[in-house]
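Protein chains: 2
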Amino acid sequence: MPDFSAFDAYIDAHQERFVQRLADLVAIPSVSAQGGPAMHQAAEAVRDLAASLGLDARLVEVDPGQPPFVLAEIGPADASRTLIIYNHYDVQPPEPLELWDSPPFQLVEREGKLYGRGTADNKGNLTVRLSAIQAYRETLGELPLRILFVIEGEEEMGSPQMARFSQQQAALLKRCDGCWWEAGGVNDKGQSTLTMGLKGLAALEFHAKVMARDSHSAAGGVLPNAIWRLMEALTTLRRPDGTLTIDGLAEHLAPINPRDLELIATSDWDEQGMLEAFGITELLGGRRGKEAEIQFLLRPCMSINGIIGGYTGPGGKTVIPCEATAKTDIRLVPNLTPELVRELVRAHLDRRGFQDIQIRESEMGLRPAKTDPDAPIVHAASQAIQEATGKPAALAPNMAGSGPMYDLCDVHGIPTIAMGVAYRDSRGHAPNENIRLSDFLTGMKIAGRFFHQFAQS
Amino acid sequence: MPDFSAFDAYIDAHQERFVQRLADLVAIPSVSAQGGPAMHQAAEAVRDLAASLGLDARLVEVDPGQPPFVLAEIGPADASRTLIIYNHYDVQPPEPLELWDSPPFQLVEREGKLYGRGTADNKGNLTVRLSAIQAYRETLGELPLRILFVIEGEEEMGSPQMARFSQQQAALLKRCDGCWWEAGGVNDKGQSTLTMGLKGLAALEFHAKVMARDSHSAAGGVLPNAIWRLMEALTTLRRPDGTLTIDGLAEHLAPINPRDLELIATSDWDEQGMLEAFGITELLGGRRGKEAEIQFLLRPCMSINGIIGGYTGPGGKTVIPCEATAKTDIRLVPNLTPELVRELVRAHLDRRGFQDIQIRESEMGLRPAKTDPDAPIVHAASQAIQEATGKPAALAPNMAGSGPMYDLCDVHGIPTIAMGVAYRDSRGHAPNENIRLSDFLTGMKIAGRFFHQFAQS
Chain A
84 MPDFSAFDAY IDAHQERFVQ RLADLVAIPS VSAQGGPAMH QAAEAVRDLA
134 ASLGLDARLV EVDPGQPPFV LAEIGPADAS RTLIIYNHYD VQPPEPLELW
184 DSPPFQLVER EGKLYGRGTA DNKGNLTVRL SAIQAYRETL GELPLRILFV
234 IEGEEEMGSP QMARFSQQQA ALLKRCDGCW WEAGGVNDKG QSTLTMGLKG
284 LAALEFHAKV MARDSHSAAG GVLPNAIWRL MEALTTLRRP DGTLTIDGLA
334 EHLAPINPRD LELIATSDWD EQGMLEAFGI TELLGGRRGK EAEIQFLLRP
384 CMSINGIIGG YTGPGGKTVI PCEATAKTDI RLVPNLTPEL VRELVRAHLD
434 RRGFQDIQIR ESEMGLRPAK TDPDAPIVHA ASQAIQEATG KPAALAPNMA
484 GSGPMYDLCD VHGIPTIAMG VAYRDSRGHA PNENIRLSDF LTGMKIAGRF
534 FHQFAQS
Chain B
84 MPDFSAFDAY IDAHQERFVQ RLADLVAIPS VSAQGGPAMH QAAEAVRDLA
134 ASLGLDARLV EVDPGQPPFV LAEIGPADAS RTLIIYNHYD VQPPEPLELW
184 DSPPFQLVER EGKLYGRGTA DNKGNLTVRL SAIQAYRETL GELPLRILFV
234 IEGEEEMGSP QMARFSQQQA ALLKRCDGCW WEAGGVNDKG QSTLTMGLKG
284 LAALEFHAKV MARDSHSAAG GVLPNAIWRL MEALTTLRRP DGTLTIDGLA
334 EHLAPINPRD LELIATSDWD EQGMLEAFGI TELLGGRRGK EAEIQFLLRP
384 CMSINGIIGG YTGPGGKTVI PCEATAKTDI RLVPNLTPEL VRELVRAHLD
434 RRGFQDIQIR ESEMGLRPAK TDPDAPIVHA ASQAIQEATG KPAALAPNMA
484 GSGPMYDLCD VHGIPTIAMG VAYRDSRGHA PNENIRLSDF LTGMKIAGRF
534 FHQFAQS
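Sequence lines, in order, name chains A and B. Start counting the first sequence at 84; every next residue gets the next number (my numbering). Start counting the second sequence at 84; every next residue gets the next number (my numbering).
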């Protein structure tokens, strides 16, 4: 184990430069759901940043015209270990804008926190990892392993190009020994969370069209209403406590892995922190403790992300809307796939007479992924966290979030861990997204040690 | 009975002038839900039009700064009968704009139809009635009765100033013998519909706020979602077939009047016309024939006019929205009032644990109103329709729509009828609102005869 004191000092001494680096990325409004020139601009900025730090960086196009991947490699070609680092340069839409205390695409530091869209998800982690490479090489010399950054621009859209990218780059990817995933955070005890899988995602948009045109609502007793219709369909899919009631879904679920339950039994599920962060007095369905944690990490769930129909302007309008739309996402656990869930939902609605409700599946489909909690990469990351922070890693069997881990890693048999610099009030995907400066710097210190540990593994 | 042939010829000869008059009113975007200078501009235009036709016309302010009433009087002060004519100069919002085939605030004539916001509701009827007075006086001389126009600017908002206006003008109104209401139409057999009452209206906005802020939808299994919550609450209020299930509502309903059922038994319910107009194959809940007509005219109903929550932009956003809002209206039949219904809904939701769902009642509250089908004004209107069109009136016990009839008329004991120039494809409150030019002219011919018949009644 080399001496990391110069490495740590370098990070502390150069924090302003690292924050500026993050600020430069945050300033590019790379909202993949909305597209536009910012996507390519962000890809180029990331490529140029990587190149400026000595990486062999290039853009890789999969679908022409769509946001490109950035591939960036560094480290000895003959290293015994190669680590994929997966990140993304795209962000979620900033809306609702009026709830931000400072402009979303301007990094603002307030009370030790760095605010801006993408700070937590995912430009902060990307900056941490690239900067750690710089600190390592400036203070410890040659990297002890080879690193391959895979940085995409459509993670927030469900990574529609990832499966093809992964297929095209199979020769390169298959040679890798592990993957460090983009996300992760620090719990309220200051422990970095270390996770070994994530949920899949099916994004379904439901559309009701019940008449050729809107009607005056005087006819509300005899004409169909698209909003009522959509509500009647959707409320059959979930109980108010969050349990999914999609016909046949339960039969497809894999039994929960006993090793996962062991990790949950010893984990610190920060229920109180979650309640406080969202200003609520109980979790959905009144679930508490381990039961809530199992629901959070290991069971499927369905969110309505947005709904719109009829008149939503000022005042009132006595109208019966002929159309209404709801965007939803369903988080998937092992044995569920986006295709299967879509089929089950379709059949479920048809069986109840909702054949008229259209289901539009976005390209945002992701399979769930899992890594063995006893894999060497888990041990290496765990060691790095302990060494950098003086505290044990908080092991969790799964992330509640989703990502293209199956397509990038599982499909090639690559074990994957996730750790990162968010915390419970990071407000990912929401207004006032932020990370703590201290986590940002600690994240780099963990990264350097992880490079070392994984090289030895 | 005077000879109306010169009167009819005058109307036919001056149709271009009458259409231009309507065009001038349609051109003013007097959307009361959105307010602005167009409201006062429309009031002045109506006052000036009435004055130019010889009426004693003035603006009457109730709430300073809110759209004023136009009061316009004409006819012998010592006439044995005084008729109130109620209309409104405000219109519904034109949205969604993209579904209009021509600009909403520009009167366009296509294939014998006059398109534009307000043509059917209510600037067409207003123009018809004022123009009929002109034609009567130009061809038949002095009016045989006194007429008092009450023209307001917030009918589409639920007439929030009407109760106070009616109280302030009680002395004037109490002297009146009957009222001709603003709305009405022509059925597919060319018969003018004659109605004797209307439904009340409670406009309730439901608001769910379940967390302090939005969350990443990875937590969809454990955090509350405002859209799910709002749906779960609203779907307890109504069965999919349209029957209201608000606790206690049924007990308050007056039994349906046998005289109303008699009228329904002999009426022409144009079910096929309604199906065709909206491009549907069956009415809500599969109701047909008289059962559908009773539901339409004599039972309460609830419409969701609009809903919004979460991300509704392009692409997707994996978010759990903390807030969602639905605008609704409930149409009321005798014995129901807006206050009672609001209380029942509140208690209904509270009983089911939905105390967190806020209910915001707009000022848009209207009581139901009913006139005796055997009142002399009904007979006078019925005669006028027969004489002008050669066809019997289509009597209906009630309108499905709402208006401030209780506050303006019932409260002073004034019997009220409604007849007008809409038809089944008029698309009131919707894009491509229109009336037929032929109905517009026939409406004037009925009006002149009604003035005569009511004066004799």
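Where a beta carbon is used, it is the ideal one built from N, C-alpha and C, also for glycine.
Taking Ala126 of chain B as reference, the option from B:Asp343, B:Pro150 and B:Val114 with the minimal CA-CA separation is B:Pro150.
Annotation: Thr499 of chain A to Phe537 of chain A spans about 12 Å, alpha carbon to alpha carbon. Between Thr326 of chain A and Leu478 of chain A, the gap from beta carbon to beta carbon reaches 9 Å or more. In this structure, Ala452 of chain B and Met502 of chain B do not form a Cβ contact; the two beta carbons are roughly 16 Å apart against a cut-off of 8 Å. It is roughly 40 Å from the alpha-carbon of Ala513 of chain B to the alpha-carbon of Ala302 of chain B. In chain A, no part has a C-beta under 8 Å from the C-beta of Ala218 of chain B; the shortest such distance is about 30 Å. With respect to the C-alpha of Leu344 of chain B, the residue from B:Ala128, B:Pro456 and B:Glu237 having the closest C-alpha is B:Pro456.
Within the segment 370-396 of chain A, the residues whose Cβ lies closer than 7 Å to any Cβ of chain B are, in chain order, Arg370, Ala375, Gln378, Phe379, Arg382, Cys384, Met385, Ser386, Ile387, Asn388, Gly389, Ile390, Ile391, Gly392, Gly393, Tyr394, Thr395 and Gly396.
Of all residues in the segment 412-431 of chain A, the ones placed with a Cβ closer than 7 Å to any Cβ belonging to chain B are Asp412 and Arg414, in chain order.
A distance of 9 Å or more separates the beta carbons of Ala295 of chain B and Ala309 of chain B. Within the segment 305-316 of chain B, contact with chain A at the beta-carbon level (separation under 7 Å) is assigned to Val305, Leu306, Pro307, Asn308, Ile310, Trp311, Met314 and Glu315. Listed in chain order, the positions of the segment 116-135 of chain A with a beta carbon within less than 9 Å of a beta carbon of chain B are Ala116, Gln117 and Gly118. Between the segment 215-232 of chain B and the segment 105-124 of chain B there are fewer than three C-beta pairs closer than 8 Å, too few to call the two in contact. Note on geometry: alpha-carbon atoms of Asp161 of chain A and Pro120 of chain A lie some 38 Å from one another.
Interface flag for Gly398 of chain B against chain A is set, since a Cβ pair is found closer than 9 Å. Ranking A:Glu192, A:Gly148, A:Phe90 and A:Gly304 by CA distance to the CA of Met482 of chain B puts A:Gly304 first.
In the DSSP assignment, Leu419 of chain A falls outside any alpha helix (DSSP H), carrying neither H nor E. Under the criterion of beta carbons closer than 8 Å, Phe152 of chain B and Glu265 of chain B do not qualify as touching, at roughly 13 Å. In terms of Cα proximity to Phe379 of chain B, the closest of B:Ile387, B:Gly393 and B:Leu415 is B:Leu415. The beta carbon of Asp353 of chain A does not come within 9 Å of any beta carbon belonging to chain B, so the residue lies off that interface. For secondary structure counted as the beta strand (DSSP E) over 3 or more consecutive residues, the segment 462-528 of chain B holds these complete runs in sequence order: 477-479, 482-485, 499-501 and 517-519.
Closest option to Leu209 of chain A, judged by alpha-carbon separation, among A:Ala458, A:Asp173, A:His97 and A:Pro487: A:Asp173. Gln175 of chain A sits close to Val402 of chain B, with the two beta carbons spaced by under 9 Å. Within chain A, the residues whose beta carbon sits less than 7 Å from that of Pro176 of chain B are Tyr394, Gly396 and Lys400, listed in sequence order. A buried status is given to Pro243 of chain A, since no fewer than 16 other beta-carbon atoms sit within 10 Å of its beta-carbon. Against Gly484 of chain B, the close residues of chain A are His299 and Ala301, in the order they occur along the chain (beta-carbon pairs closer than 8 Å). Arg321 of chain A belongs to the set of residues whose beta carbon lies under 9 Å from a beta carbon in chain B.
Segment contact: the segment 514-529 of chain B against the segment 279-290 of chain B, fewer than three CB-CB distances shorter than 8 Å; contact not assigned. Contact annotation for Ser445 of chain B against chain A: Gly398 and Gly399 [CB-CB distance below 9 Å, chain order]. Approximately 5 Å separates the beta-carbon atoms of Val145 of chain B and Arg247 of chain B; this is inside 8 Å, confirming the contact. Here the alpha carbon of Asp330 of chain B sits roughly 7 Å from the alpha carbon of Val428 of chain B. Approximately 6 Å separates the beta-carbon atoms of Leu166 of chain A and Gly261 of chain A; this is inside 8 Å, confirming the contact. If you check the CB distance, Arg382 of chain B and Pro421 of chain B do not come in under 9 Å. For Arg220 of chain A, the enclosing alpha helix (DSSP H) covers residues Lys206 to Thr222.
In this structure Gly241 of chain B is buried. Its beta-carbon is surrounded by 16 or more other beta-carbon atoms within 10 angstroms. For Lys400 of chain A, the closest alpha carbon among the candidates B:Leu287, B:Gly267, B:Gln469 and B:Leu138 is that of B:Leu287.
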